[in-house]
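Per my numbering, the sequence shown runs over residues 42 to 560. Heads up, the thing below is written out as structure tokens.
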Amino acid sequence: MVDLEYIAMFLNTLTPKFYVALTGTSSLISGLILIFEWWYFRKYGTSFIEQVSLNHLGPWLGGVENNNNGNNNTNNSQNNNQQSVPECKVWRNPLNLLRGAEYNRYTWVTGKEPLTYYDMNLSAQDHQTFFTCDTDHSRPSDESVMQRAWRERNPQARIKAAHEALEKDSECATAYILLAEEEATTILETERLFKQALKVGEANYKKSQSTQHLGAHYEAIHRRDTNVCVYVRRRLAMCARKLGRVKEAVKMMRDLMKEFPMMSVLNIHENLIEALLELQAYADVQAVLAKYDDISLPKSATICYTAALLKARAVADKSFPFASCRFSPEIASKRGLSTAEMNAVEAIHRAVEFNPHVPKYLLETKSLILPPEHLLKRGDSEAIAYAFFHLPHWKRVDGALNLLHCTWEGTFRMIPYPLEKGHLFYPYPSCTESADRELLPAFHEVSVYPKKELPFFILFTAGLCSVTALLALLTHQFPEPMGLVAKTFLNTITSPFNFLVEKLEGVLPSNLWHQLTRL
């Protein structure tokens, strides 16, 4: 046991320079810890100190008595829980824009790239899957040129390769597709090239349809020709929609869905819903929703928010006109909610639980950007893609946005812990932020849900760094007064121990006290 008199003597011999060096060193160390903690939190979303405490120190301190079987069971349960969490699957955007006529035009005006390389690389993989097959040796333009064109990173190289393919074979449908998507600078020019691609594609489709049952070789060719036909007809319908021929676009989409019912994976019904909303054919929209808003089918923001929009429209169509415009929580709490209002609020809560990022874009509290070519369901990318095309439809329904504004935040009170529990859907995935950052351009501020709050250890480290930096500055400017303050502070802390030592010295026998002091 060290004598406290020696400690007091040591403290009295310390000079002000020691306190300057001590506080400066403490400030530097705490600052480095703060920088590391902040970097780790920005990259991994958690505090390093907190993670180490929970994952390593916690089991070491509290799990000593557990046997090996218990540890194995715990690890197995953790692995099962991790496997049960839904993965973040990236989907092709059903309403993706045209690169040449729309995305490139945005780049010319703003100088910003609306598409990330990750997004365009996914599109290149899609094109290779849809438009190529292992039996392309019968079509030299497809085998030698177009397969290379889809893999080219440079847009000009892709366009050049498409022209080379047409020089080899003037009936190369996929070359027309690439030129329509990337070289054409207007919708009219795009439509013209797609019509040429459709003429060639339908001829190839009919030819391969008659031979598809002759073997796997012919079946692969027919599958590729089917993909080409469906893709081109869908893009032609979207061109008609963009050019204002909405009824023609609706007919083309209906025919396409009727002729190729097995191609539902392309989500053509979402194109149809948007076109029907433009026509204000709400009964037809409800019929489409009745078919696709099924418990066995995957949901989307288009499905959930369109259902909420139709319920909000039902509120406005009641006997008292513009009732939803006067909707407010105060009035609703006094008179109660009607059946139509209750259904609308429940539909909004359902939609917001599926994708909580959409309301800020619909209410225009967060700025929109061009939608990406791929999206993440329940993520910010899906919210942008939905709001970009459906915001005018919400504005067209009187009071729908006001009803959304008054009720959407109530969703979060219904879900105790969104990361672990769901209410109407499976738990909200925690991987959406990282996937959205890959899909969306760097100049866009990615919407994050649930909002990550700064961990306690980062706040504690920031406070410690600030206090030590202030002490270092004061000690440097006023070394003698700060040295006196430090000595007074240390004497105050050690005074209870001195008092306790004096009491023990007076109570304990002298021989026992000498033995303790020798320790």
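Glycine included, every Cβ here is placed at the ideal spot set by N, Cα and C. No experiment lies behind these values; they were computed from the predicted model shown.
- A residue is called buried when at least 16 other Cβ atoms come within 10 angstroms of its Cβ; P522 does not meet this threshold and is exposed.
- With respect to A324, V287 sits apart: the two C-beta atoms are not nearer than 8 Å.
- Residue pairing from DSSP leaves W80 without any beta-bridge partner.
- In this structure Y272 does not touch F430 by the C-beta definition: roughly 19 Å separates them, more than the 8 Å allowed.
- Less than 8 Å divides the Cβ of A342 from the Cβ of V399.
- In the three-state scheme derived from DSSP, where H, G and I count as helix and E and B as strand, R133 is classed as strand.
- With a cut-off of 8 Å on Cβ pairs, the stretch 440 to 458 is not in contact with the stretch 151 to 161, counting fewer than three such pairs.
- The three-state secondary structure of L404, taken from DSSP, is coil.
- Ranked by how close their Cα comes to the Cα of R189, the residues A165, E208, K209, E212 have A165 in first place.
- H204 carries a helical assignment under DSSP once its states are collapsed to helix, strand and coil.
- Here DSSP, grouped into helix, strand and coil, assigns L416 to strand.
- Per DSSP, the continuous alpha helix (DSSP H) segment holding E382 begins and ends at 380 to 395.
- Residue environment analysis places L229 among the exposed positions, since fewer than 16 neighbouring C-beta atoms fall within 10 angstroms of its C-beta.
- The residue among R419, G285, M293, Q169 with its C-alpha nearest the C-alpha of Y346 is R419.
- If you draw a straight line from the Cα of L409 to the Cα of A428, it is about 8 Å long.
- Around the beta carbon of T533, fewer than 16 other beta carbons lie within 10 angstroms, which makes this residue exposed.
- Counting the other CB atoms within 10 Å of its CB gives V150 a total below 16, which places it among the exposed residues.
- In this structure, the alpha-carbon of K236 lies about 10 Å from that of I218.
- By the criterion of a C-beta distance shorter than 6 Å, N312 is surrounded in its chain by P135, M294, once the five residues flanking it on both sides are discounted.
- About 11 Å separates the Cβ atoms of R276 and L297, ruling out a contact at the 8 Å cut-off.
- Apart from the 5 residues on each side of it in sequence, L138 sits with its Cβ closer than 6 Å to the Cβ of Y144 in its chain, given in chain order.
- Judged by their CB atoms, L330 and A357 are not nearer to each other than the 8 Å cut-off.
- Taking each of T226, A202, N195, L239 in turn and checking the Cα distance to E212, the smallest one comes out for L239.
- Boundaries of the alpha helix (DSSP H) harbouring S422: 421 to 437, taken from the DSSP string.
- Each of E208, D266, K340, E205 was checked against the Cα of H168, and the nearest Cα belongs to D266.
- Note that the C-beta distance between A216 and A203 is below 8 Å.
- Taking 8 Å as the upper bound for CB-CB distance, Q327 and L351 are in contact here, some 6 Å apart.
- Looking at T509, A424, T448, the one whose alpha-carbon comes closest to that of N384 is T448.
- Secondary structure in the stretch 184 to 259: the alpha helix (DSSP H) runs of 4 residues or longer, each lying completely within the stretch, are 188 to 192, 196 to 209, 214 to 223, 228 to 250 in chain order.
- In the three-state reduction of the DSSP assignment, V487 falls in the coil class, being assigned neither a helical nor a strand state.
- In the DSSP annotation of this structure, the continuous segment of the alpha helix (DSSP H) that includes F453 starts and ends at 452 to 455.
- Secondary structure note for F171: its alpha helix (DSSP H) is the uninterrupted segment 158 to 172.
- The shortest C-alpha to C-alpha distance from Q250 to any of R454, H263, E486, G242 is the one to H263.
- L404 is a Cβ neighbour of L445, given a cutoff of 8 Å.
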